[in-house]
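Have a look at the structure below before the remarks.
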Amino acid sequence: EKWSYTKAGAHFKIPLGTLSFHVLKLLNANIGYPTALACEEERYLVDLIVTLQDWGQLFTHNDVWNYTQEYVEIMNLQSRFAGGAPTRDWYQEFLKRWKTELEIMFSSSLENVRVQGATSNIIDGWFKVLHAVLKKLNLLEKPQSIFNMDKSGFNEEAGRQFVVVKRGTKYANQKQGSCGKDFTTVILTISANGVCLPPYIIYKSLRLYSQWCPKNLIKGTVYNGTKSGWTDEHCLFDYLQNLFIPNTKSLPKPLLLIFDGHYSHLSIKAVRLAIQNGIHLLCLPSHSTHLLQPLDVYTLKYVKQQWKQLLWERNTTTSKSMEKTDCVRLFSKLYEYALIPGHCSTAFAKTGIFPYDSRAIKNDTIIKNTLSTIVGTPEQYAHILSNKLHTSSCLNVQTMVPRNTLVRSNSAPDLFIGKFLTGFLNSCFILVIIDHSISTTTSQLELNPTGSGDDIENDAQKVHTNY
Numbered sequence: 001e002k003w004s005y006t007k008a009g010a011h012f013k014i015p016l017g018t019l020s021f022h023v024l025k026l027l028n029a030n031i032g033y034p035t036a037l038a039c040e041e042e043r044y045l046v047d048l049i050v051t052l053q054d055w056g057q058l059f060t061h062n063d064v065w066n067y068t069q070e071y072v073e074i075m076n077l078q079s080r081f082a083g084g085a086p087t088r089d090w091y092q093e094f095l096k097r098w099k100t101e102l103e104i105m106f107s108s109s110l111e112n113v114r115v116q117g118a119t120s121n122i123i124d125g126w127f128k129v130l131h132a133v134l135k136k137l138n139l140l141e142k143p144q145s146i147f148n149m150d151k152s153g154f155n156e157e158a159g160r161q162f163v164v165v166k167r168g169t170k171y172a173n174q175k176q177g178s179c180g181k182d183f184t185t186v187i188l189t190i191s192a193n194g195v196c197l198p199p200y201i202i203y204k205s206l207r208l209y210s211q212w213c214p215k216n217l218i219k220g221t222v223y224n225g226t227k228s229g230w231t232d233e234h235c236l237f238d239y240l241q242n243l244f245i246p247n248t249k250s251l252p253k254p255l256l257l258i259f260d261g262h263y264s265h266l267s268i269k270a271v272r273l274a275i276q277n278g279i280h281l282l283c284l285p286s287h288s289t290h291l292l293q294p295l296d297v298y299t300l301k302y303v304k305q306q307w308k309q310l311l312w313e314r315n316t317t318t319s320k321s322m323e324k325t326d327c328v329r330l331f332s333k334l335y336e337y338a339l340i341p342g343h344c345s346t347a348f349a350k351t352g353i354f355p356y357d358s359r360a361i362k363n364d365t366i367i368k369n370t371l372s373t374i375v376g377t378p379e380q381y382a383h384i385l386s387n388k389l390h391t392s393s394c395l396n397v398q399t400m401v402p403r404n405t406l407v408r409s410n411s412a413p414d415l416f417i418g419k420f421l422t423g424f425l426n427s428c429f430i431l432v433i434i435d436h437s438i439s440t441t442t443s444q445l446e447l448n449p450t451g452s453g454d455d456i457e458n459d460a461q462k463v464h465t466n467y
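Take 1 as the starting number for the sequence shown in full-length UniProt numbering and just add one per residue.
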């Protein structure tokens with residue numbers, strides 16, 4: 001049905017002038033003063049931020065200013081800014097202009113070893129091994145036979161919560177029975193079909209007293225004690241012998257038990273016991289449990305949230321210090337609120353274990369395998385930034401330098417903006433983005449379509465000489 005301007009304007013309450021301007025496309029989207037950097041120049045900065053994020057390097061506010069200042073100096077664009085450098089106002093407007101591609105968020109802490117253990121090659125290798133094991137054991141359709149175990153510490157600190165107080169209150173203090181430094185280690189075991197086995201509780205003590213080990217709270221609970229309060233080389237054997245094997249004896253063999261292969265878990269006795277009872281032990285890659293371990297990824301999040309809530313409720317009713325039996329009593333309530341079938345089975349789906357899915361891990365949580373140096377033409381680099389060209393078409397040179405730096409060879413004129421591209425077509429272009437974590441120097445050479453192999457080798461040698 002065709003509507004007239006008058007009918008459409010009246011129906012949607014739009015002025016006729018505004019409606020006609022939109023229909024006839026007479027609006028000018030470029031109203032206002034021109035920006036200090038042209039669109040294609042800002043596009044380079046956006047691509048730089050996105051590319052370095054893929055390589056594991058995040059940009060703070062100061063990093064954006066510093067890289068922009070460096071870019072402005074290299075391109076000799078100081079005259080476009082009142083003070084010769086980008087300002088805070090420019091930075092804020094820059095983020096507004098590119099809000100569809102960039103946003104501000106809090107970074108999350110991740111140890112360097114976890115970053116190195118969460119690369120795409122390691123994740124892909126894990127899923128290949130996992131599929132081979134599931135296929136060999138014929139467990140691709142048997143969720144009741146796939147288990148994950150992990151240890152976690154539970155302290156007595158209830159944490160902080162949002163509370164409602166009268167206006168003007170400076171401190172909102174909540175009483176608690178103890179200092180909150182004591183902790184108890186618990187080994188939890190869940191299966192892909194949503195079953196949670198009884199806990200394996202480890203006290204920080206070389207002796208166990210009967211009053212610490214109540215039998216009627218969580219049926220099948222096993223207690224142990226170590227000097228540090230954490231697991232040691234004897235705990236896995238005791239865990240298998242006294243908890244896992246008795247609670248899974250009715251299941252058909254083989255069984256798959258996935259866990260992080262820390263040195264404090266494995267022992268010869270434990271491996272032999274597992275083999276004798278048809279249990280296949282599968283170790284997760286080092287420092288990757290935050291992505292691949294079901295308990296870490298999903299279940300423990302709800303467990304810890306509910307644990308703090310239980311501690312908070314206890315502190316509001318009593319000021320007594322928490323005894324070990326009190327800890328077990330509170331932990332038993334987690335089986336009612338947090339360790340439920342939905343939280344257990346979903347964890348395996350989130351990590352791609354069951355149902356098996358090698359694409360379950362989100363790409364933005366995986367650190368890509370970085371190339372420290374890209375050598376090629378500006379056109380090739382532009383394609384790389386837009387993911388339209390494989391990096392194998394360029395020369396890769398890895399170099400050790402203390403910080404990420406933009407480096408230009410003597411043979412390269414100004415950087416890769418459209419109006420300067422003409423001067424590059426017959427010259428070698430080198431952009432070096434140094435990754436400080438690289439400790440060896442390697443090289444891989446392919447001929448540049450716009451220059452000879454000797455020219456590229458000479459330019460690459462200049463980069464090594466400079467550093």
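Every residue, glycine too, gets a C-beta built ideally from N, C-alpha and C.
When the Cα atoms are used, what is the spatial distance from Ser-358 to Val-186? Residue mapping note: residue 358 aligns to position 358 of the sequence shown, counting from 1. Residue mapping note: residue 186 aligns to position 186 of the sequence shown, counting from 1. Cα to Cα, Ser-358 sits roughly 30 Å from Val-186.
Unbroken alpha helix (DSSP H) run spanning Ser-288, endpoints: Translated into the one-based positions of the sequence shown, residue 288 becomes position 288. Unbroken run through Ser-288: none, as it is neither H nor E.
Could you have a look at Val-222 and say whether DSSP puts it in helix, strand or coil? The count along the sequence shown starts at 1 and reaches residue 222 at position 222. Val-222: strand per DSSP, three-state reduction.
Apart from the five residues on each side of it in sequence, which residues of its chain come closer than 7 Å, Cβ to Cβ, to Leu-58? In the sequence shown, counting from the first residue as 1, residue 58 sits at position 58. Result list for Leu-58: Ser-107, in chain order.
Considering only their Cβ atoms, is the gap separating Phe-259 from Met-149 smaller than 9 Å? The residue you call residue 149 lines up with position 149 of the sequence shown. The residue you call residue 259 lines up with position 259 of the sequence shown. Contact: yes.
So, helix, strand or coil for Met-149, using DSSP? Taking the sequence shown and counting its residues from 1, the one referred to as residue 149 is at position 149. Note: Met-149 maps to strand in three-state DSSP.
Among the candidates Glu-42, Cys-344, Asp-89 and Arg-80, whose CA atom is the shortest distance from the CA of Gln-144? One-based indexing of the sequence shown puts residue 144 at position 144. It is Cys-344.
Could you have a look at Asn-155 and say whether DSSP puts it in helix, strand or coil? Looking up residue 155 in the sequence shown gives position 155. Of the three classes helix, strand and coil, the one that applies to Asn-155 here is strand, per DSSP.
Would you mind stating whether Ile-202 and Thr-226 have Cβ atoms separated by less than 9 Å? The residue given as residue 202 occupies position 202 in the sequence shown. The residue given as residue 226 occupies position 226 in the sequence shown. Cβ distance < 9 Å, so Ile-202 and Thr-226 count as in contact.
Taking the alpha helix (DSSP H) that Tyr-200 belongs to, which residues open and close that run? Position 200 of the sequence shown holds residue 200. Counting along the chain, Tyr-200 falls outside any alpha helix (DSSP H), though it belongs to the beta strand (DSSP E) covering 200 to 204.
DSSP three-state call for Leu-24: helix, strand or coil? What you label residue 24 is simply residue 24 of the sequence shown in a count that begins at 1. Coil.
When burial is assigned at 16 or more other CB atoms within 10 Å of the CB, is Phe-21 buried or exposed? If you number the sequence shown from 1, residue 21 lands on position 21. With fewer than 16 other Cβ atoms within 10 Å, it is exposed.
Report buried or exposed for Asp-124, applying the criterion of at least 16 other Cβ atoms within 10 angstroms of its Cβ. Mapped onto the sequence shown, residue 124 falls at position 124. Asp-124 should be labelled exposed.
With a threshold of 16 other CB atoms inside 10 Å of the CB of Tyr-239, please say whether the residue is buried or exposed. Here residue 239 refers to the residue found at position 239 of the sequence shown. Its Cβ being crowded by 16 or more others within 10 Å, Tyr-239 is buried.
So, under 8 Å CB-CB, Leu-137 and Leu-284 are touching, yes? Tell me the CB distance rounded to an integer number of Å. Position 137 of the sequence shown, counted from the start, is the residue given in the question as residue 137. Position 284 of the sequence shown, counted from the start, is the residue given in the question as residue 284. That pair is no contact at about 17 Å.
Between Gly-352 and Gly-194, is the Cβ-Cβ spacing less than 9 Å? For this step, residue 352 is matched to residue 352 along the sequence shown. For this step, residue 194 is matched to residue 194 along the sequence shown. Contact: no.
Under 8 Å Cβ to Cβ from Ser-228, same chain only, skipping five residues before and after it: list those, please. Position 228 of the sequence shown, counted from the first residue, corresponds to residue 228. If we look at Ser-228 and ignore the five residues flanking it on each side, its Cβ neighbours are Lys-204.
Closer than 8 Å is the cut-off here; do at least three beta carbon pairs connect the segment 92 to 102 with the segment 72 to 82? no
Helix, strand or coil at Thr-100 according to DSSP, with G and I counted as helix: Within the sequence shown, the letter at position 100 stands for residue 100. Of the three classes helix, strand and coil, the one that applies to Thr-100 here is coil, per DSSP.
Determine the direct distance from the alpha carbon of Thr-35 to that of Ala-85, and round the result to whole angstroms. Here residue 85 refers to the residue found at position 85 of the sequence shown. Here residue 35 refers to the residue found at position 35 of the sequence shown. Rounded to whole angstroms, Ala-85 to Thr-35 spans 14 Å at the Cα level.
Can the beta-carbon of Trp-230 be found closer than 9 Å to that of Tyr-223? Locating residue 230 in the sequence shown gives position 230, where the first residue counts as 1. Locating residue 223 in the sequence shown gives position 223, where the first residue counts as 1. Not in contact: Trp-230 and Tyr-223 (Cβ atoms no closer than 9 Å).
Starting from the C-beta of Arg-80, find all residues in its chain whose C-beta is less than 8 Å away, skip the five residues before and the five after it, and write them out in chain order. Counted from its first residue, the sequence shown places residue 80 at position 80. Here the set comprises Ala-36, Leu-37 and Val-72.
Host beta strand (DSSP E) of Leu-282 (start-end): Here residue 282 corresponds to residue number 282 of the sequence shown, with the count starting at 1. Taken as a continuous stretch (DSSP letters only), the beta strand (DSSP E) holding Leu-282 covers 279 to 284.
Shortest alpha-carbon distance to Ser-250 belongs to which of Gly-278, Glu-313 and Ile-361? Start at 1 with the first residue of the sequence shown, and residue 250 comes out as number 250. The candidate whose alpha carbon is nearest that of Ser-250 is Gly-278.
Residues near Asp-296 in its chain [Cβ-Cβ closer than 6 Å; skip 5 each side]: The count along the sequence shown starts at 1 and reaches residue 296 at position 296. So the list reads Thr-289 and His-290, once near-sequence residues are dropped.
Put Cys-213 into one of helix, strand or coil per three-state DSSP. Here residue 213 refers to the residue found at position 213 of the sequence shown. Coil.
Taking a contact to mean a Cβ-Cβ separation below 9 Å, would you say Phe-147 touches Phe-12 in this structure? Your numbering for residue 147 matches position 147 in the sequence shown. Your numbering for residue 12 matches position 12 in the sequence shown. Not closer than 9 Å, so no.
Under 8 Å by Cβ, that's how I've got Glu-103 and Val-46 pegged, so tell me the actual separation to the nearest angstrom. Taking the sequence shown and counting its residues from 1, the one referred to as residue 103 is at position 103. Taking the sequence shown and counting its residues from 1, the one referred to as residue 46 is at position 46. Glu-103 to Val-46, Cβ: 12 Å. No contact.
Near Gly-9, which residues of its chain fall below 7 Å by C-beta distance, leaving aside the five closest residues on each side in sequence? In the sequence shown, counting from the first residue as 1, residue 9 sits at position 9. Apart from the 5 residues on each side of it in sequence, Gly-9 sits with its Cβ closer than 7 Å to the Cβ of Pro-15, Leu-16 and Leu-19 in its chain, given in chain order.
What did DSSP end up calling Leu-255 once you bin it into helix, strand or coil? Taking the sequence shown and counting its residues from 1, one reaches residue 255 at position 255. In the structure shown, Leu-255 sits in a strand (DSSP, three-state: E or B).
Looking at the structure shown, is Leu-188 part of a helix, part of a strand, or coil, going by DSSP? As a first step, residue 188 must be located in the sequence shown, where it is residue number 188. In this structure, Leu-188 counts as strand in the three-state DSSP scheme.
Neighbourhood of Lys-151 by C-beta, 6 Å cutoff - its chain only, sequence neighbours within 5 removed: Here residue 151 refers to the residue found at position 151 of the sequence shown. Around Lys-151: Thr-185, Ile-187 and Thr-231.
Top-ranked residue by Cα proximity to Lys-219, from Pro-199, Pro-355 and Trp-98: In the sequence shown, the residue the question calls residue 219 occupies position 219. It is Pro-199 whose Cα lies nearest to the Cα of Lys-219.
Please name the residue, chosen from His-234, Asn-247, Lys-7 and Ser-120, that lies closest to Thr-221 on a Cα-to-Cα basis. Indexing the sequence shown from 1 puts residue 221 at position 221. With distances taken between Cα atoms, Thr-221 lies closest to Asn-247.
Does DSSP classify Phe-354 as helix, strand or coil? Here residue 354 refers to the residue found at position 354 when the sequence shown is read from its first residue. Of the three classes helix, strand and coil, the one that applies to Phe-354 here is coil, per DSSP.
Name the DSSP bridge partner or partners of Cys-196? Position 196 of the sequence shown, counted from the start, is the residue given in the question as residue 196. Partner(s): Ile-190.
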